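Residue numbers (the UniProt record's numbering): 1 to 368.
Note that CB positions come from ideal geometry on N, CA and C, so glycine has one too.
Every value quoted in this text rests on a predicted model; they were computed, and no experiment measured them.
Note sheet for the following structure.
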Amino acid sequence: VRFLPQSYSSSRIKYSTSRHNRTQRFSQTKIPKRIDHIIIGSGISGLSCATALAKNGKSILVLEQHDIAGGSIHVFPEFGVEFDTGLHYVGNIKKRMPLLNFLGDFPIEWQQMGSEDNWIFDRFFIGDKEYYSRAGEENLIQDLLLDFPAEEENLVRYIQDIKKYAQKDLFFHIKIVSEWLRFILSKFCCREFFQRAQMSSYQYVSEYTSNEKLKEVLCALSIDGGPPPRKQSAFIHISIVNHFLNGGFYPKGSPKVITQSLIRTIERSGGRVLTGATIEQICIKQGRVVGITLVNGTFIPCSSVISSAGVPNTVKLLPEPEKHDKVLQDIPSTIVIDENMLGADLPAQIDELFSDLAQMMPTSFNIG
């Protein structure tokens, strides 16, 4: 549950926020004359890839089966109310702004959540008890000490280790080196990271406290990572907690401005982002891509296809997908999230509502 004060309204944004470039329905007349790459899916990964290529002079055709581009950052109107879908807030925004502003056609403005309420950006309701998170690691520790005064030493050590183990860049960088060197580096330089990545979130927080109630609260800090704490990787817990140590931020004008900014970059390079385009098959001839076919029978020739639709969906688009059944069987299914949205006709006191994210969970959620 999140309420956004009127200061978040897109009406206060200087640049246009029309739906136009997010809802360009596919037609053959809109296909670019030159296509360097076709990208399947217009989520943030597909659009980021497309804009990076567009910045290098490539003409990109992005195809989206939905009627609005953006994937989990798409925004849609219903009965005069605008709903966002996947982006609830972003942390560590200073690190991400340079890249996003480089890729986009115009800079995105961000508002820090909790400006009206002492920088509270997260509220947790565990059973009938409320907890909250404020921006800043010292604030997080002090707020937890209100309920757990005997845990100061443990909490300080917990935060220090969160920052230490979150420095995982080397783990990903070594993937580009030779296999023998990767084995040596991972064994000696990433040992602590591997040890914690194999733990669950519940096991990880148990290294810092024996207080079961505190374990619940610490695990709640990463509850939006998906699985319950006994099934969630400590790697996810560490990453999320570190990501939000300095608070949460929300884009002014809603996440749609991110989509619009990225699409404009693609269009400036001669590309297009077209919706309502469902792929039937990725066409391959003599081991090389020659184009894609849509469900309506339209064939679009190209020599390069990049899929951001996920491995299972991509494999199903290949010729003779049954040959790859073993690959699909080895990929575990992901958690399913059921999202319900409510628009309410509230009085003028809407500005008095807080901009934090409220999360409610049963007292036994950490057993799952």
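- Following the DSSP letters along the chain, one finds Met97 inside the alpha helix (DSSP H) bounded by residues Ile93 to Leu103.
- Pairwise C-beta distances place the stretch 199-214 in contact with the stretch 145-163, as three or more of them are shorter than 8 Å.
- Excluding sequence positions up to five before and after Thr275, its CB lies within less than 7 Å of the CB of Thr23, Gln24, Arg25, Phe26, Glu64, His66, Asp67, Ile68 and Ala69, all in the same chain and listed in chain order.
- Annotation: the continuous beta strand (DSSP E) that includes Asp84 extends over Val81 to Asp84.
- For Arg182, the enclosing alpha helix (DSSP H) begins and ends at Glu179 to Phe188.
- Residue pairing by DSSP places Met113 opposite no residue, since no beta bridge is assigned to it.
- With a cut-off of 8 Å on Cβ pairs, the stretch 244-253 is in contact with the stretch 83-102, counting three or more such pairs.
- Under the three-state reduction of DSSP, His324 is assigned to helix.
- Secondary structure note for Gln195: it is in no beta strand (DSSP E), and the uninterrupted alpha helix (DSSP H) holding it is Arg191 to Ala197.
- The beta carbons of Cys283 and Ile35 sit about 14 Å from each other, so the pair does not count as a contact at 8 Å.
- One alpha carbon belongs to Gln167, the other to Glu212, and they sit about 28 Å apart.
- Setting aside the 5 residues that flank it on each side, Gly226 is surrounded in the same chain by Ile335, each with a C-beta closer than 6 Å to its C-beta; the list follows chain order.
- Going by DSSP, Gly291 is part of the beta strand (DSSP E) stretching over Arg288 to Leu294.
- Boundaries of the alpha helix (DSSP H) harbouring Arg157: Glu152 to Tyr165, taken from the DSSP string.
- Three or more beta-carbon pairs separated by less than 8 Å link the stretch 91-109 to the stretch 42-55, which places the two stretches in contact.
- Beyond the five residues adjoining it in sequence on each side, Phe76 comes within less than 7 Å, by CB distance, of Ile68 and Phe83 in the same chain, given in chain order.
- Taking all protein chains in view, the Cβ of Ile331 is surrounded by fewer than 16 other Cβ atoms within 10 Å, so the residue is classified as exposed.
- Residues Arg182 of the same chain have their beta carbon placed closer than 8 Å to that of Lys175, with the five preceding and five following residues left out of the count.
- In the structure shown, Arg123 falls within a strand segment according to DSSP collapsed to helix, strand and coil.
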